[in-house]
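Taking it in order: structure first as structure tokens, then the write-up.
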Amino acid sequence: EAQRSLLLSSAVRFPPLEGARLSYGTAGFRTDASLLRSTVFRAGILAALRALKTRSVIGLVITASHNKVSDNGVKIADPTGEMLSQDWEPFADSLAAAPSPDHLLKGIIEFAEFEKIEFDGRKVEVLIGRDTRPSGQSLLEAAKLGIGSIIGAVAVDVGILTTPQLHWMVRASNCSTQASEFDYFEQLSRSFRCLMDLILGGSESNEGNDKVVVDGANGVGGEKLLVLKEMLNLKDLEIEVRNSGREGGVLNEGVGADFVQKEKVVPSGFGPQDVGIRCASLDGDADRLVYFTAPSSSSKIELVDGDKILSLFAVFIKEELSILNKEPDASTGDDYQCRIGVVQTAYANGASTDYLKRLGLEVFFTPTGVKYLHQKATQYDIGIYFEANGHGTILFSEPFLRWLDAKNNELSSVAKGSEQQKAALRLLAVSKLINPAVGDALSGMLLVEAILRHKGWSIHRWSELYHDLPSKQLKVKVVDRTAVVTANAETEVVKPPSIQEAINAETGTFAAYDTCCLKAKYPQGRCFIRPSGTEDVIRVYAEASTQDAADSLANSVAKLVD
Ligand code: 16G
Ligand code: ZN
Numbered sequence: 003e004a005q006r007s008l009l010l011s012s013a014v015r016f017p018p019l020e021g022a023r024l025s026y027g028t029a030g031f032r033t034d035a036s037l038l039r040s041t042v043f044r045a046g047i048l049a050a051l052r053a054l055k056t057r058s059v060i061g062l063v064i065t066a067s068h069n070k071v072s073d074n075g076v077k078i079a080d081p082t083g084e085m086l087s088q089d090w091e092p093f094a095d096s097l098a099a100a101p102s103p104d105h106l107l108k109g110i111i112e113f114a115e116f117e118k119i120e121f122d123g124r125k126v127e128v129l130i131g132r133d134t135r136p137s138g139q140s141l142l143e144a145a146k147l148g149i150g151s152i153i154g155a156v157a158v159d160v161g162i163l164t165t166p167q168l169h170w171m172v173r174a175s176n177c178s179t180q181a182s183e184f185d186y187f188e189q190l191s192r193s194f195r196c197l198m199d200l201i202l203g204g205s206e207s208n209e210g211n212d213k214v215v216v217d218g219a220n221g222v223g224g225e226k227l228l229v230l231k232e233m234l235n236l237k238d239l240e241i242e243v244r245n246s247g248r249e250g251g252v253l254n255e256g257v258g259a260d261f262v263q264k265e266k267v268v269p270s271g272f273g274p275q276d277v278g279i280r281c282a283s284l285d286g287d288a289d290r291l292v293y294f295t296a297p298s299s300s301s302k303i304e305l306v307d308g309d310k311i312l313s314l315f316a317v318f319i320k321e322e323l324s325i326l327n328k329e330p331d332a333s334t335g336d337d338y339q340c341r342i343g344v345v346q347t348a349y350a351n352g353a354s355t356d357y358l359k360r361l362g363l364e365v366f367f368t369p370t371g372v373k374y375l376h377q378k379a380t381q382y383d384i385g386i387y388f389e390a391n392g393h394g395t396i397l398f399s400e401p402f403l404r405w406l407d408a409k410n411n412e413l414s415s416v417a418k419g420s421e422q423q424k425a426a427l428r429l430l431a432v433s434k435l436i437n438p439a440v441g442d443a444l445s446g447m448l449l450v451e452a453i454l455r456h457k458g459w460s461i462h463r464w465s466e467l468y469h470d471l472p473s474k475q476l477k478v479k480v481v482d483r484t485a486v487v488t489a490n491a492e493t494e495v496v497k498p499p500s501i502q503e504a505i506n507a508e509t510g511t512f513a514a515y516d517t518c519c520l521k522a523k524y525p526q527g528r529c530f531i532r533p534s535g536t537e538d539v540i541r542v543y544a545e546a547s548t549q550d551a552a553d554s555l556a557n558s559v560a561k562l563v564d
């Protein structure tokens with residue numbers, strides 16, 4: 003009864019949205035910030051219920067990532083730091099859509115009964131983090147009230163954080179006592195220094211290569227990187243941060259990883275003075291990372307995207323594993339069949355997939371959205387996942403890490419200081435450096451820097467791992483994006499039925515008996531369409547052996563959708 007009246011009294015303060023109906027998409031709820039208060043209040047209730055259900059610390063992040071500064075959004079992090087479990091998404095949608103406080107209350111009671119959630123007053127915490135958007139403060143208050151309207155749930159404001167920091171803190175809170183932002187920085191800097199100590203001896207001279215310039219998207223990432231840099235106190239790597247937001251630039255406006263990856267031009271604040279220098283760009287909440295170099299003549303940058311970061315990580319991990327498993331003289335006999343898997347989406351450049359397969363790796367495709375990639379990656383001993391847009395990380399299974407630890411202990415008595423033992427230590431350091439909850443631009447960047455240093459590679463050498471196939475992305479505005487339904491990790495349209503045939507005909511995917519006499523319309527052509535998870539559009543992606551061909555394929559398929 004007390005619970006009912008508490009909920010009703012706060013719910014009346016957050017009238018539901020008229021008209022606009024939000025759904026908990028790939029990135030939670032996201033829209034213009036002025037429309038979000040009621041939704042964030044309800045997301046607070048959702049997070050509190052999730053905390054009661056799991057009896058664990060839950061996270062609530064207020065961010066709209068790479069979207070414009072006037073937008074905002076809210077999403078929930080589960081106890082492991084992963085995205086909210088997908089079976090709760092329909093409930094999130096119905097909470098957000100409840101037309102009145104009474105409906106809201108009724109929905110909550112029914113769901114709580116169904117999920118057997120007990121309101122026994124035992125204390126559970128919800129950590130609230132937010133990005134630098136000015137609307138964050140008022141949405142934070144709405145989230146607090148939502149959480150506070152569930153008896154037993156306590157809102158903990160952890161301030162302005164990158165999205166991956168919040169996910170990391172939720173995960174850490176549920177398995178250790180060291181879960182503060184300071185602990186996050188400590189862990190990153192300790193494991194990075196450890197990794198650097200293990201590679202310095204073997205690497206070639208790195209002259210001219212000891213600097214990286216980072217575009218902070220005028221968001222939270224630049225500021226946090228400056229803190230991390232202080233703690234790292236590096237002598238052999240200079241990190242210069244631009245667009246940290248301190249200079250007054252606007253969040254994501256002409257800056258940031260999304261802008262750089264989509265437009266293929268330098269972000270503002272970068273120019274001819276940076277030719278030849280390794281540059282990196284974070285997105286507005288620092289969960290995406292891309293690298294690039296400034297062009298000397300043409301206006302297009304050389305882009306080193308998520309696929310190439312993935313490839314760099316894969317090459318390195320594979321090499322370290324083979325060092326670890328070679329050297330039979332030092333071998334302790336207990337071999338472990340480590341399953342490495344690489345997870346990509348259909349947006350991955352075809353050249354990257356070919357390259358990874360040539361390395362002998364198992365490559366798996368999932369639909370777009372971190373929750374899908376992450377889940378698949380957990381099925382391997384070492385699962386490496388990345389979206390082309392720069393979001394990704396490496397997951398290590400518990401059994402593998404236990405084996406690695408034991409292996410390292412044994413090696414330290416029989417083969418102390420050997421390359422084999424160093425490989426074990428390097429892999430252990432990587433597992434501590436990389437964020438196990440979600441893609442993290444800061445930890446990802448430190449890992450890239452360490453690997454480049456280890457291999458003595460410039461950004462050009464890295465970029466030359468393979469050559470991207472020319473590609474083109476378009477979006478077509480539609481009234482109802484749900485009319486398009488896809489299968490096979492979004493590579494095939496199943497509804498409306500005729501579209502896939504038309505795409506095949508356009509791409510030149512003929513039945514086998516045709517290929518001997520017909521020349522493919524687009525050599526290396528590949529094209530797919532999918533409904534966006536964040537906007538009312540159908541996205542078109544095309545790839546072919548030349549830019550003109552990719553453009554023309556994308557254009558003709560876009561016409562099919564219109
Ligand atoms: C969200 C997803 C991102 C995906 C993007 C696609 C998360 C945390 N973020 O930003 O992974 O690439 O949506 O957007 O899952 P789209 O569906 O509009 O193309
Ligand atoms: Zn982001």
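According to full-length UniProt numbering, the residues represented by the sequence shown are 3 to 564, in order. A virtual CB, placed ideally from N, CA and C, is assigned to each residue, including glycine. These numbers come from a predicted model, not from an experiment.
Closest in alpha carbon position to Glu-421, among Glu-322, Pro-81 and Gly-258, is Glu-322. At the C-beta level, Gly-131 and Leu-163 come within 8 Å of one another.
For the set Ala-489, Gln-381, Gly-441 and Ser-414, the Cα lying nearest the Cα of Gln-167 is the one of Gly-441. Distances taken from the Cβ of Arg-290 to the heavy atoms of the ligand ZN include one shorter than 7 Å. Distance check between Lys-523 and each of Asp-538, Glu-545 and Ile-531 places Glu-545 closest, using alpha-carbon atoms only. For secondary structure counted as the alpha helix (DSSP H) over 4 or more consecutive residues, the stretch 38-116 holds these complete runs in sequence order: 39-56, 91-99 and 103-116. Within the DSSP bridge table, the entry for Cys-529 names Ala-544 as partners.
Gln-475 is bridged by DSSP to Tyr-543. Rounded to whole angstroms, the separation of the alpha carbons of Val-487 and Thr-28 is 16 Å. Residue pairing by DSSP leaves Arg-248 without any beta bridge partner. Taken through DSSP and simplified to helix, strand or coil, Ser-151 comes out as coil.
Each residue's CA atom was taken as its position, placing Glu-91 and Tyr-26 some 6 Å apart.
Arg-32 carries a strand assignment under DSSP once its states are collapsed to helix, strand and coil. Phe-388: member of the beta strand (DSSP E) spanning 384-388, first to last residue. Between the ligand 16G and Asn-391, a heavy atom-to-CB distance of less than 7 Å is present.
Selection Lys-213, Pro-17, Glu-508 and Gly-308 evaluated against Val-292 yields Gly-308 as nearest (Cα-Cα). Counting the other Cβ atoms within 10 Å of the Cβ of Val-215 gives 16 or more, which makes it buried.
Counting C-beta atoms within 10 angstroms of its own C-beta, Cys-529 has 16 or more neighbours from the protein chains shown and is therefore classed as buried.
Contact holds between the stretch 244-259 and the stretch 215-226, because three or more Cβ pairs, one in each stretch, are under 8 Å apart. Just measuring C-alpha positions, the residue of Pro-101, Val-478 and Leu-562 sitting nearest Pro-533 is Val-478.
Cβ-Cβ separation between Ala-288 and Lys-226: approximately 7 Å, consistent with a contact (criterion under 8 Å). For Gly-223 and Thr-380, the gap between their C-alpha atoms comes out near 26 Å.
Leu-142 is positioned such that its CB atom lies no closer than 8 Å to that of Ser-12.
Following the DSSP letters along the chain, one finds Ile-201 inside the alpha helix (DSSP H) bounded by residues 183-201. When DSSP states are grouped into helix, strand and coil, Ser-283 belongs to the strand group. Comparing C-alpha distances from Asp-383 to each of Pro-369, Phe-402 and Val-563 shows the shortest one belongs to Phe-402.
Check the Cα spacing between Phe-187 and each of Thr-179, Leu-24 and Leu-234: the tightest is with Leu-234. For Thr-536, the shortest separation between its Cβ and any heavy atom of the ligand 16G lies below 7 Å. In the DSSP annotation of this structure, the continuous segment of the beta strand (DSSP E) that includes Thr-295 starts and ends at 291-295. Not a single heavy atom of the ligand ZN lies less than 7 Å from the C-beta of Asp-159. About 6 Å separates the beta carbon of Arg-173 from that of Thr-82, a gap short enough to meet the 8 Å contact definition.
The three-state reading of DSSP puts Ala-219 in coil, since its state is none of H, G, I, E or B. Taking the C-beta atoms as reference points, Asp-34 is found no nearer than 8 Å to Ser-96. The beta carbons of Ile-501 and Leu-430 sit no closer together than 8 Å. Secondary structure of Arg-15 (DSSP, three-state): coil.
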